[in-house]
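Below is one structure, written out as structure tokens; comments come after it.
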Amino acid sequence: MRGWLRAKFGRFAAIDRLHLGRHREVVVPVLSVAAVLFVLSAMFWVVSRVRRARSRSLHAREG
16 MRGWLRAKFG RFAAIDRLHL GRHREVVVPV LSVAAVLFVL SAMFWVVSRV RRARSRSLHA
76 REG
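This is the structure in structure tokens:
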């Protein structure tokens, strides 16, 4: 698994320095899923803020 991590993320990947031992097979996918969920939630937050700002500007023009 360490060879796969180095090939995928480079020699100095932070995950390789955590010394996870045999738990690495579980932790790496969990961290990957967490990273994807974080990115998706950040994108959702940005889109909702932009929509809210646009709707405010539209209501201000009408009134």
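Sequential numbering from 16 applies to the sequence shown in the working numbering. C-beta atoms are modelled at their ideal positions from N, C-alpha and C, and glycine is treated no differently.
Burial state of Val48 (16 or more Cβ within 10 Å): Counting C-beta atoms within 10 angstroms of its own C-beta, Val48 has fewer than 16 neighbours from the protein chains shown and is therefore classed as exposed.
Buried or exposed by the 16-neighbour rule on C-beta atoms within 10 Å, applied to Val43: Classification of Val43: buried, given that the 10 Å Cβ count is 16 or more.
Length of the line joining the Cα atoms of Phe59 and Arg66: Using only the alpha carbons, I get a separation of about 11 Å.
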